[in-house]
Amino acid sequence: MEIRNILMMVLLSFMPSTTIKAQFNTVGRLYNQQVHKTKNPQETNTSLVDNLMLKDSLNHASSHLNMVESCRDNVGPSSQTSGDILQFLNMAFPLKNIQINSEFGMRYYPVTHKYCMHNGVDLQAHYEPVFSMLPGKVVKSAHDKRSGRYITIQTDTYTVSYCHLSSSKVTIGQYVKAGEIIGVSGNTGMSTGPHLHLTTKKDGKVIDPIILLNCVNKVMYIK
1 MEIRNILMMV
11 LLSFMPSTTI
21 KAQFNTVGRL
31 YNQQVHKTKN
41 PQETNTSLVD
51 NLMLKDSLNH
61 ASSHLNMVES
71 CRDNVGPSSQ
81 TSGDILQFLN
91 MAFPLKNIQI
101 NSEFGMRYYP
111 VTHKYCMHNG
121 VDLQAHYEPV
131 FSMLPGKVVK
141 SAHDKRSGRY
151 ITIQTDTYTV
161 SYCHLSSSKV
171 TIGQYVKAGE
181 IIGVSGNTGM
191 STGPHLHLTT
201 KKDGKVIDPI
211 ILLNCVNKVM
221 YIK
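Mapping of the sequence shown onto the UniProt record's numbering: residues 1 to 223, in sequence order.
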């Protein structure tokens, strides 16, 4: 667990040298923020090797690189710790293309016409395949008035919920891989149009899904 936390810190400390700008539309505002997308949301199953594509200078990055190298050098390929690292590096984007239409935080909710907390992000999606971001167990595959048809996948530390789906491709208790198709986006529940709502939690507490999306992008750049 300690090594996994170190790896998370390293991944979240750097931005890759190539990012894609996309627009965020929320509460009547239009502005740019760094987000990332991929044409092929295939499963990443990489190991820790020497080269990291980093935006920061080598001097600034040296201490973090030393931590990564220490993790790599001190675990054997067959050890449980090494397996944990490889499992953590299994990540994928939830859609073929990522464009965020409404971000995490307080916003004007068009359904109730009130300001309230938006506990996730809304991704542009029009009845298209949805991929599991992390390997894990399907703990919920249900339908309710607010989220519509939704799926929740749980790992040791994280849970990711995919909401407003038109259909589900998985069942409760099923184990899925990162990048595996779990459903099709839609417009079910309290929704004003087709999209994918993501809710992410760490140790049971809601976090901004952008953290995981950026982490996926960084994992893609570990060569």
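Glycine is no exception: its CB is placed at the ideal position from the N, C-alpha and C atoms.
DSSP lists His-143, Leu-165 as the bridge partner or partners of Arg-149. Judged by their CB atoms, Ser-185 and Pro-110 are not nearer to each other than the 9 Å cut-off.
Per DSSP, the beta-bridge partners of Thr-200 are Val-160, Ile-207.
When only Cα atoms are considered, His-164 and Lys-137 end up about 20 Å apart. Under the criterion of beta carbons closer than 8 Å, Thr-199 and Ser-161 qualify as touching, at roughly 4 Å. For Pro-194, same chain residues with a beta-carbon under 7 Å away, outside a window of 5 residues either side, are Ala-125, His-126, Tyr-127, Ser-185, Gly-186, Asn-187 in chain order. Assignment of Val-170 by DSSP, reduced to helix, strand and coil, places it in the coil class.
Ala-92 counts as buried, since no fewer than 16 other beta carbons sit within 10 angstroms of its beta carbon. In the same chain as Lys-202, and ignoring 5 residues on each side of it, the C-beta atoms closer than 7 Å to its own belong to Thr-157, Tyr-158, in chain order.
In this structure, Leu-134 keeps its C-beta atom at 9 Å or more from the C-beta atom of Ile-100.
The shortest CA-to-CA distance from Asn-90 to any of Leu-196, Asp-208, Ala-178 is the one to Ala-178.
Assigned with DSSP and collapsed to three states, Leu-95 falls in coil, not helix or strand.
Judged by DSSP in its simplified three-state form, Lys-137 adopts strand. For Lys-114, the secondary structure class from DSSP, reduced to helix, strand or coil, is strand. The distance from the Cβ of Ile-172 to that of Ser-141 is about 5 Å, consistent with a contact at the 8 Å cut-off. Taking a C-beta distance under 9 Å as the contact criterion, Ser-167 and Gly-189 do not qualify as a contact pair.
Under the DSSP definition of a beta bridge, Gly-183 partners with Val-130, Ser-168. With 16 or more other CB atoms across the displayed protein chains lying within 10 angstroms of its CB, Ile-153 is buried.
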